[in-house]
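See below for the structure under consideration.
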Amino acid sequence: MRAQVRTLEHDDALSPRRSFLQRLAAQGVAIPAAYFAAQRDARAHQPGDVYNSVPVHAGRRHIVRDFAEPYIELIRLLRQATEIEHALMVQYLYGAFSVKPHYAGIVGSGLPNSNDLLGVSAMEMQHLRDVNGLLIALGAAPSLERQGFPFEPEVYPFEFNLEPLTEASVAKYVYCEAAAGSLDRERANEADRRFLAKLDRALGTTARPNHVGSLYDAIIHTLREYIATAPETEARLTPWIGKLEMIKLEGEDGHFQFFRRVFMATHDGFKGRDDAWICARNDPAYPSYPLPVNPTAFIGEQNLIRNPEALGLAWLADLHYWLILLLAEASYSEEAMDYAGLARMQMLGPFLSLARHLPKLGAGVPFDPLVTGYGPCPSGVARIDFISCMVREADRLAVKLKARLPEDYPVGLGQVMLSALNDKRAAYTRPPGRPS
Numbered sequence: 009m010r011a012q013v014r015t016l017e018h019d020d021a022l023s024p025r026r027s028f029l030q031r032l033a034a035q036g037v038a039i040p041a042a043y044f045a046a047q048r049d050a051r052a053h054q055p056g057d058v059y060n061s062v063p064v065h066a067g068r069r070h071i072v073r074d075f076a077e078p079y080i081e082l083i084r085l086l087r088q089a090t091e092i093e094h095a096l097m098v099q100y101l102y103g104a105f106s107v108k109p110h111y112a113g114i115v116g117s118g119l120p121n122s123n124d125l126l127g128v129s130a131m132e133m134q135h136l137r138d139v140n141g142l143l144i145a146l147g148a149a150p151s152l153e154r155q156g157f158p159f160e161p162e163v164y165p166f167e168f169n170l171e172p173l174t175e176a177s178v179a180k181y182v183y184c185e186a187a188a189g190s191l192d193r194e195r196a197n198e199a200d201r202r203f204l205a206k207l208d209r210a211l212g213t214t215a216r217p218n219h220v221g222s223l224y225d226a227i228i229h230t231l232r233e234y235i236a237t238a239p240e241t242e243a244r245l246t247p248w249i250g251k252l253e254m255i256k257l258e259g260e261d262g263h264f265q266f267f268r269r270v271f272m273a274t275h276d277g278f279k280g281r282d283d284a285w286i287c288a289r290n291d292p293a294y295p296s297y298p299l300p301v302n303p304t305a306f307i308g309e310q311n312l313i314r315n316p317e318a319l320g321l322a323w324l325a326d327l328h329y330w331l332i333l334l335l336a337e338a339s340y341s342e343e344a345m346d347y348a349g350l351a352r353m354q355m356l357g358p359f360l361s362l363a364r365h366l367p368k369l370g371a372g373v374p375f376d377p378l379v380t381g382y383g384p385c386p387s388g389v390a391r392i393d394f395i396s397c398m399v400r401e402a403d404r405l406a407v408k409l410k411a412r413l414p415e416d417y418p419v420g421l422g423q424v425m426l427s428a429l430n431d432k433r434a435a436y437t438r439p440p441g442r443p444s
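According to my numbering, the sequence shown holds residues 9 to 444 in order.
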């Protein structure tokens, strides 16, 4: 599936086409995908404009604008950012849980940081939270949906896949997190040139020079534009510019350097084995288990997990993944920290237990998208009822799979969550002024 953020390449040979599309626009023809000239003048921004936060030159690709109204365009870009952050997060998690115990130092404990894979995943969760926070600040609904895998964002030259950690997959993550100048040979020293040559071999020579930073540049540009058109929002929205810059910096600095060390096998987690990626995939010394690519727990779909024991547990893991997202959506929508606390309980309890156990069965958490989305019931009571149903769904399956559950799976957590949700529901339905 292809994402909806599109890029176009600057090339003088395209100028006749640009002129033609501009003439159409002048006649009132609606062409949101049109490619207008990037040179800025006194006119208002138009659909088809190319965000131009860096110098224009042939071969560079830029984000295409869909809407002239900055408010609509900003929400569009933010929703695309949430989709990409979500996709990166689950890719990193899938890769982390594929790593063999000998290389546990690469994986880490899960505290947010830029030196291990779970830490980077946790930071992507924070980015997802922060971008949703800006959506809420703009009066928009939060967004936790994403496409299924394979997923092809236009801002990258390759598909996103759920895949085990390999030299090739880490090369993609290096590229995803790189700042535009990080891969510039003209500024590279000898160590950088060795790294870049190896990266080229892993990625191929057709990689287009575009990164998630270009999307955040477009978001920051459009946020500034919106604030200028709505001065009453300045005090409330201006602090978000710094938060967006920090998200961009964390990726282009800390995350990039981490994945570079993993790619070059110089991270401390390799314990001096700088030849680890050279080993055959079936070699016990290879860093990861050979888990399936883009697995699913949906019956009848391609790439269905074939091991019956693993399939049931993978579906249970999906249920807990969906609960985490349902609770996160509720937390964002209602600005309620109790929902966030319940999401953490799910994440650090049953989800983590299953995510660590499934690779022993030759499988991984499939991270299937939930067909209903994560905010199917906007009212407070209906939202609680839907989440409670999902808790009961997971509990029923856990009872059926009791003999297969990992030892550290918290069987009683569902009842704890239902009790907390019932208390919250009672608070919603209690008449005003009546004590609890």
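Ideal placement from N, C-alpha and C gives every residue a C-beta, glycine not left out.
- With the rule of 3 Cβ pairs closer than 8 Å, the region 182 to 189 counts as touching the region 253 to 273.
- Between the region 196 to 215 and the region 404 to 416 there are fewer than three C-beta pairs closer than 8 Å, too few to call the two in contact.
- Distance check between F168 and each of K180, Q354, P292 places K180 closest, using alpha-carbon atoms only.
- In the DSSP annotation of this structure, the continuous segment of the alpha helix (DSSP H) that includes P316 starts and ends at 316 to 342.
- Every alpha helix (DSSP H) stretch that sits fully inside the region 107 to 194 and reaches 4 residues is listed by chain position as 112 to 115, 125 to 145, 175 to 185.
- Below 8 Å, enough C-beta pairs join the region 333 to 340 and the region 351 to 358 to call them touching: three or more.
- For the pair K408 and C287, the Cα-to-Cα distance works out to about 40 Å.
- DSSP places V72 in the strand class (E or B) of the three-state scheme.
- In the three-state reduction of the DSSP assignment, L312 falls in the strand class, which pools E and B.
- Annotation: the continuous alpha helix (DSSP H) that includes Y102 extends over 78 to 105.
- DSSP, read as helix, strand or coil, puts T274 in coil.
- Contact between V301 and E171 holds: CB atoms are separated by about 5 Å, below the 8 Å threshold.
- Between the C-alpha atoms of L204 and L119 there is a straight-line separation of about 30 Å.
- Beta bridge pairing from DSSP links S296 with V107.
- Boundaries of the alpha helix (DSSP H) around G388: 388 to 408.
- A residue is called buried when at least 16 other Cβ atoms come within 10 angstroms of its Cβ; R154 meets this threshold and is buried.
- The C-alpha of Q88 is placed about 29 Å away from the C-alpha of V107.
- Burial check for D124: the Cβ neighbour count within 10 Å reaches 16 or more, so the residue is buried.
- K256 and T437 have their C-alpha atoms some 42 Å from each other.
- T304 sits in a strand when the DSSP states are folded into three classes.
- In the three-state scheme derived from DSSP, where H, G and I count as helix and E and B as strand, F264 is classed as helix.
- Closest option to L319, judged by alpha-carbon separation, among F306, Y329, H328: F306.
- Around the Cβ of S151, a 10 Å sphere holds 16 or more other Cβ atoms; the residue is buried.
- With contacts defined by Cβ atoms closer than 8 Å, Y102 and F375 form a contacting pair.
- Around the Cβ of I80, a 10 Å sphere holds fewer than 16 other Cβ atoms; the residue is exposed.
- The three-state reading of DSSP puts E240 in helix, counting H, G and I together.
- For V424, the enclosing alpha helix (DSSP H) covers residues 421 to 437.
- Around the beta carbon of G250, fewer than 16 other beta carbons lie within 10 angstroms, which makes this residue exposed.
- Taking G116 as the centre and dropping the five residues before and after it, the same chain places the C-beta of D124, L126, G127 closer than 6 Å to its C-beta, in chain order.
- Cβ neighbours of E242 within its own chain (closer than 6 Å, five residues either side excluded): I235.
- Minimum Cα-Cα distance from P367 among the listed residues M254, P109, L405 corresponds to P109.
- Non-local C-beta neighbours of M97 in its own chain, meaning closer than 7 Å and more than five positions away in sequence, comprise S129, E132, M133, L136, ordered along the chain.
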